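Each residue of the sequence shown is one higher than the last, beginning at 78 in this note's numbering.
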Amino acid sequence: MFFKFGFELHQLLFSSLNITTVTGLIAVSASTIVLVLIYEASKIGLAHSKFYSAVLRPNERPDCFSDDMLLVENQVPSNSTRYIWFVVEMGFYIIEIILGYVIMLIVMTYNGYLMLSVLFASGLGYFLGGQILMTLQIKRSRLNLTCHQCSSHPKNSSKTSSTEAISDSVNEEHASRCCLKDSGDADSEAETKY
Numbered sequence: 078m079f080f081k082f083g084f085e086l087h088q089l090l091f092s093s094l095n096i097t098t099v100t101g102l103i104a105v106s107a108s109t110i111v112l113v114l115i116y117e118a119s120k121i122g123l124a125h126s127k128f129y130s131a132v133l134r135p136n137e138r139p140d141c142f143s144d145d146m147l148l149v150e151n152q153v154p155s156n157s158t159r160y161i162w163f164v165v166e167m168g169f170y171i172i173e174i175i176l177g178y179v180i181m182l183i184v185m186t187y188n189g190y191l192m193l194s195v196l197f198a199s200g201l202g203y204f205l206g207g208q209i210l211m212t213l214q215i216k217r218s219r220l221n222l223t224c225h226q227c228s229s230h231p232k233n234s235s236k237t238s239s240t241e242a243i244s245d246s247v248n249e250e251h252a253s254r255c256c257l258k259d260s261g262d263a264d265s266e267a268e269t270k271y
């Protein structure tokens, strides 16, 4: 099959949805852009909910916290709070799956204009939310590290990508908290020995 650049679409997602005018194609392209942007936003929402779900699990939290975790540092979350975040996470996941399949079906019409709409909206969505998504994923992965692991990464002055820059800034923030905590523990141990 080849991509075609015509404005007529027959049975686009539903048997009764037929596009026969340029105005209809423009409306479908705009709707496709909105769907893809919602899909990209649902990825960020899912990452947020996974991060806060991980923060609310007290048994899996390390001893050193980042700024985002200070709100729940002294609190033990109730089961209902954890369930609410799980339901939110599940909702974002369902939205992401449904929209992913709808976008796949739109691309499978082999209409070049709709394919370009999907590509444009994916790029725009990544431009608007890609850094947020990467930061959340990196912070979430840092929750599973102990303080000694997060402070053992060497600093690299030349950053070749935005991912490395974000990762390094999260590492430095996390390592400084760990070092402050570890140095405080070491000072108190030294005082008790002497």
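Just so you know, even glycine gets a beta-carbon here, dropped at the ideal spot from N, CA and C.
Since the model is a prediction, treat every value here as computed from it, not as a measurement.
Please report how far the alpha carbon of residue i lies from the alpha carbon of residue j, in whole angstroms.
| i | j | result |
| --- | --- | --- |
| T97 | V111 | 21 Å |
| L205 | A198 | 10 Å |
| E117 | H125 | 13 Å |
| V164 | I121 | 16 Å |
| G261 | L133 | The predicted model places G261 with a pLDDT of 46, which falls under 50 and marks its position as unreliable; any figure quoted below should be read in that light. Taking the straight line joining both Cα atoms gives about 25 Å. |
| T212 | Y178 | 26 Å |
| G101 | M181 | 20 Å |
| T109 | L89 | 12 Å |
| T158 | Q214 | 21 Å |
| G200 | I103 | 19 Å |
| F84 | N156 | 53 Å |
| L193 | G207 | 20 Å |
| F169 | Y129 | 14 Å |
| N95 | W162 | 40 Å |
Under the rule that 16 or more other beta-carbon atoms within 10 Å means buried, what is residue i, buried or exposed?
| i | result |
| --- | --- |
| G202 | buried |
| N188 | buried |
| F79 | exposed |
| V113 | buried |
| Y160 | exposed |
| Q171 | Looking at the sequence shown, residue 171 is not Gln but Ile. Classification of I171: exposed, given that the 10 Å Cβ count is below 16. |
| I183 | buried |
| F91 | exposed |
Strictly by DSSP, which residues pair up with residue i?
| i | result |
| --- | --- |
| L86 | I96 |
| N188 | K81 |
With residue i and residue j assumed to form a contact (beta carbons below 8 Å), what rounded beta-carbon distance in angstroms separates them?
| i | j | result |
| --- | --- | --- |
| K81 | R217 | Not really, about 42 Å apart at Cβ, beyond 8 Å. |
| I210 | A131 | Looking at the sequence provided, one finds Leu at residue 210 rather than Ile. About 15 Å; that fails the 8 Å criterion. |
| E173 | S119 | 5 Å |
| L191 | S106 | 6 Å |
| L86 | T186 | 6 Å |
| L176 | I115 | 6 Å |
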